[in-house]
Amino acid sequence: MRLLDLLFPERRNTAAIARDRLKIVLAHERASASAPDFLPALQKDLLDVVGRYIEIRDDMLRVNVGRSGETSLLEINVELDGATIKPVKNGAAKPRPAAAPIAVAKPDPGSHPPWVKPG
Amino acid sequence: MPAKVIVLTSGKGGVGKTTSAAAVAAGLALRGNRTVVIDFDVGLRNLDLIMGCERRVVFDFINVINGDAKLNQALIKDRRNDNLYVFPTSQTRDKDALKRDGVERVLDELRENFDYIICDSPAGIEHGAITALYFADIAIIVTNPEVSSVRDSDRIIGILASKSRRAENNMDPVAVHLLLSRYSPERVEKGEMLGIDDVKEILSIPLLGVIPESESVLKASNTGTPVVFDEGSPAGQAYLDAVARLLGEERELRFLKPERRSFFRSLFGRP
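As you go down the protein sequences, you meet chains A and B in turn. One rule links them: number in our numbering = place in the first sequence (from 1) + 151. One rule links them: number in our numbering = place in the second sequence (from 1) + 5.
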């Protein structure tokens, strides 16, 4: 078997891999090119607020601006699966310590809630 | 016919912008159009070398923008073709010396004397590159069949659609064309390189031409001769085809079949 592999190495079509990677990355970049500049700051503020009640990692909250038909949508996705609810004392929990700078939210076609049609 | 401003741009460096600008300008001149090719790469000028006029540069683009020299003092007439002029840039200044209103004034003066004004853009998406594309009527996106070049081309296409003069003034959009360079049919056939259809589909802009990877391009730059003057060069012929398409003619794509080397040739090298 090893000898056969040596004699007939598997031809990987790397051009097809390049094409698929480009399609995905450009779909993301074209969508985020039209996103307003305030999205990262909004995402940070939302993380602070949500983080008072739920243990949440930075990558569990995503903010996108998109369209659904005629309507412009501000879409906020909070992933709750696996998140722990914080005990709330006297109304609100303490604000969480300042978070590290947050990467710009990249729209992810796979992460749309069921009521938003991607694109 | 009013003069047309054509920018050759790519985002990524090293894809063949200057080679293509020299070839397209020379091709347009060979077809009888009065053509000037301007180097927008302030501080890193190379168009003069590619055009073979590096020892004739006295005044440059920045001198003319600043009013230190007249246009006809800075333009260098090509020795091979009477229709062709080179407008070199400064090697000592930086890109911020390109003031937009100064560039506009110089372009307006050139419009009166030329049919085509070819702008050779610097790489990147900074001030120099934006200034080079800002006044364009037509953009030729020079792209290699390679992921980083295609991605940067997509970015530049977006910038043309939002930051050019035509976009800002709600005029007809810049006519954007794809020039696929350093294309190797052999490697595409083996599945090692993005094909024409792949790049066309991803960027979704019309194809102006495909320039095969060719030894003649390096030889041409060694001697300071735009590659279209080398009649035996496949790349030169492919550039001339692209120029014909730019002028509205229909030309079949050529040089896209892998070259079959005979057993003897591969043994003894090229004849």
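Virtual Cβ for every residue (Gly too), placed ideally from N, Cα, C. Everything numeric in this text was worked out from a predicted model, so none of it was measured.
Length of the line joining the Cα atoms of residue i and residue j
| i | j | result |
| --- | --- | --- |
| B:Pro276 | B:Ile143 | Reliability of the predicted coordinates at B:Pro276 is poor, the pLDDT of 48 falling under 50, and no value is obtained from them. |
| A:Gly270 | A:Pro238 | Model confidence at A:Gly270 stands at a pLDDT of 46, short of 50, so the residue's coordinates are unreliable; what they give is reported in the following sentence. If you take the alpha carbons of A:Gly270 and A:Pro238, they lie about 39 angstroms apart. |
| B:Ile81 | B:Phe92 | 6 angstroms |
| B:Ala180 | A:Ile227 | 37 angstroms |
| B:Lys100 | A:Gly233 | 52 angstroms |
| A:Val216 | A:Ala186 | 6 angstroms |
| B:Gly72 | B:Pro239 | 42 angstroms |
| A:Arg203 | B:Leu208 | 44 angstroms |
| B:Met6 | B:Gly253 | 14 angstroms |
| B:Val108 | B:Ile70 | 6 angstroms |
| B:Gly18 | B:Cys124 | 15 angstroms |
| B:Leu165 | B:Ala172 | 7 angstroms |
| B:Leu199 | B:Phe64 | 42 angstroms |
| B:Asp177 | B:Ser169 | 11 angstroms |
| B:Ile67 | B:Gly32 | 26 angstroms |
| B:Asn174 | A:Ala182 | 24 angstroms |
| B:Asp120 | B:Ala28 | 16 angstroms |
| B:Ser189 | B:Thr136 | 32 angstroms |
| B:Gln96 | B:Val20 | 21 angstroms |
| B:Phe260 | B:Glu191 | 11 angstroms |
| B:Phe45 | A:Asn164 | 39 angstroms |
| A:Ile205 | A:Glu230 | 11 angstroms |
| A:Ser286 | A:Glu180 | Residue 286 of chain A falls outside the range modelled here, since chain A spans only 152 to 270, and no answer is possible. |
| B:Ile197 | B:Leu35 | The sequence as given places Glu at residue 197 of chain B; Ile does not occur at that position. About 36 angstroms. |
| B:Gly163 | A:Asp210 | 28 angstroms |
| B:Phe26 | B:Asn38 | The amino acid occupying residue 26 of chain B in the given sequence is Ala; Phe does not appear at that position. B:Ala26 and B:Asn38: Cα-Cα distance of roughly 15 angstroms. |
| A:Ile175 | B:Glu236 | 41 angstroms |
DSSP state of residue i mapped onto helix, strand, coil
| i | result |
| --- | --- |
| B:Ala28 | helix |
| B:Glu255 | coil |
| B:Pro263 | coil |
| B:Asn118 | coil |
| B:Thr228 | helix |
| A:Gly217 | strand |
| B:Asn77 | helix |
| B:Ala128 | coil |
| B:Thr136 | helix |
| A:Ser223 | strand |
| B:Asp44 | strand |
| A:Ala186 | coil |
| A:Asn228 | strand |
| B:Leu103 | coil |
| A:Asp171 | helix |
| A:Ile207 | coil |
| B:Gln242 | helix |
| A:Gly270 | Interpretation of A:Gly270 is limited by its pLDDT of 46, a score under 50 that renders its predicted location unreliable; the figure taken from the coordinates is listed afterwards. If DSSP states are grouped into helix, strand and coil, A:Gly270 belongs with coil. |
| B:Arg50 | coil |
| B:Ser167 | helix |
| B:Thr97 | coil |
| B:Lys22 | helix |
| B:Leu223 | helix |
| B:Arg60 | helix |
| B:Leu199 | coil |
| B:Pro190 | helix |
| B:Ala141 | coil |
Interface partners of residue i on chain A, CB under 8 angstroms
| i | result |
| --- | --- |
| B:Ile207 | Arg170, Leu173, Lys174, Leu177 |
| B:Gly200 | Ala166 |
| B:Val20 | Per Cβ cutoff of 8 angstroms: no residues; B:Val20 is ~15 angstroms from chain A at best. |
| B:Asp159 | Leu177, Glu180, Arg181 |
Near the ligand NAD: residue i beta-carbon under 7 angstroms from a heavy atom
| i | result |
| --- | --- |
| A:Asp210 | Only the bare structure without any ligand can be found here, which leaves the ligand NAD out of the picture. |
7 angstroms Cβ cut-off: residues of chain B touching residue i
| i | result |
| --- | --- |
| A:Ala184 | Gly163 |
Per DSSP, cross-strand counterpart(s) of residue i
| i | result |
| --- | --- |
| B:Ser154 | None; B:Ser154 has no bridge partner. |
| B:Gly214 | B:Leu184 |
| B:Tyr90 | B:Val41, B:Lys82 |
| B:Ile146 | B:Thr14, B:Leu183 |
| A:Leu193 | According to DSSP, A:Leu193 bridges with nothing at all. |
| A:Leu212 | A:Val229 |
| B:Ile123 | B:Ile11, B:Val42 |
| A:Ile236 | A:Ile205 |
Contact list for residue i against chain A, beta-carbon separation under 7 angstroms
| i | result |
| --- | --- |
| B:Val155 | Leu173 |
| B:Val152 | Ala169, Arg172, Leu173 |
Under 9 angstroms from the C-beta of residue i: neighbouring residues of chain B
| i | result |
| --- | --- |
| A:Asn228 | Within 9 angstroms Cβ-Cβ: nothing; A:Asn228 doesn't reach chain B, min ~25 angstroms. |
Beta-carbon neighbours of residue i, restricted to chain A and to distances below 9 angstroms
| i | result |
| --- | --- |
| B:Asp113 | Within 9 angstroms Cβ-Cβ: nothing; B:Asp113 doesn't reach chain A, min ~32 angstroms. |
| B:Val42 | Under the 9 angstroms cutoff, chain A gives no residues; its nearest Cβ is about 31 angstroms from B:Val42. |
| B:Asp203 | Ala166, Ala167, Ala169, Arg170, Leu173 |
*Taking only beta carbons into account, state which residues of the segment 174-196 of chain B come closer than 9 angstroms to chain A, listed in chain order.*
When C-beta distances to chain A are compared with 9 angstroms, the residues of the segment 174-196 of chain B below that value are Arg192, Val193, Lys195, Gly196, in chain order.
Taking a cut of 9 angstroms between CB atoms, which residues from the segment 117-146 of chain B lie near chain A?
Listed by position along the chain: nothing, the set is empty.
Review point. Mind listing which residues of the segment 225-257 of chain B have their C-beta closer than 8 angstroms to chain A's C-betas, in chain order?
Key: Of all residues in the segment 225-257 of chain B, none has a Cβ within less than 8 angstroms of some Cβ in chain A.
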